[in-house]
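Everything below concerns the one structure shown next.
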Amino acid sequence: MKLSFSRILPLAVGCWILASGCDRNRVFEDNVDIPDYVWDAKNKISFDVNIEDTTSLHNLYVNVRHASHYQYANLYVFIVIKFPNGKLAKDTMECVFANPDGQWKGEGMGDIWDNQILWKPNVRFPITGKYTFELEQAMRTEQLPFIMDVGLRVEKAKKKNK
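For the sequence shown, the numbering used here begins at 135 and goes up steadily by one.
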């Protein structure tokens with residue numbers, strides 16, 4: 135049987151819809167590639183997130199992909215949040231990549247490790263509109279090698295059963 139484009143396209147679209155529908159809690163997720171896998175301290179990574187729901191609780195995650203040659207067990211990140219009304223909030227986060235015995239955490243494949251680190255659980259956004267999240271590496275080195283990409287995930291917190 136010969137497959138034509140007119141038969142493959144609906145099948146591909148259907149698979150994409152099924153795959154994308156599995157993550158119903160996701161409000162926003164994006165990752166940004168780090169040029170040459172070296173995160174310069176001057177390279178601030180920004181994400182614009184449109185929030186429409188001020189009643190639900192949300193979990194905020196920082197995503198980091200690094201190579202196994204990364205020389206530290208952690209990563210400090212400065213995070214600035216700009217609210218839709220112009221107000222700012224600042225925070226510092228430690229992303230722990232390795233156990234005390236040196237074993238990498240996260241999901242690994244070969245020399246690449248993906249980490250999704252919970253930053254803020256059960257956050258209620260106070261107003262609707264565009265929030266800007268700006269991430270900046272806060273290590274004691276200007277050039278931080280072997281960081282491949284950095285991202286942000288906002289998801290609706292799962293409701294607890296009572």
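Even for Gly, the Cβ is constructed at its ideal location relative to N, Cα and C.
- The beta carbons of GLU270 and ALA175 sit closer together than 8 Å.
- Annotation for PHE231: VAL198, HIS200, TYR204, TYR206, ALA207, ASN208, LEU209, TRP238, LYS239, GLY240, TRP247 and ASN249 place their beta carbon closer than 8 Å to its own, counting only its chain and skipping 5 residues before and after.
- Collapsing the DSSP output to three states places TYR171 in a helix.
- The stretch 183-193 and the stretch 256-266 touch, with no fewer than 3 CB-CB distances between them shorter than 8 Å.
- Of all C-beta pairs linking the stretch 213-223 to the stretch 158-168, fewer than three are shorter than 8 Å, placing the two stretches out of contact.
- Per DSSP, the unbroken beta strand (DSSP E) holding PRO255 starts and ends at 246-257.
- The beta carbons of PHE212 and ALA272 sit about 5 Å from each other, so the pair counts as a contact at 8 Å.
- Non-local C-beta neighbours of PHE280 in its own chain, meaning closer than 7 Å and more than five positions away in sequence, comprise TYR171, HIS200, ALA201, HIS203 and TYR204, ordered along the chain.
- If you draw a straight line from the Cα of MET227 to the Cα of GLN277, it comes to about 19 Å.
- For ILE179, same chain residues with a beta-carbon under 6 Å away, outside a window of 5 residues either side, are VAL166, LEU269 and VAL284 in chain order.
- For the pair LYS290 and VAL161, the CB atoms are nearer than the 8 Å cut-off.
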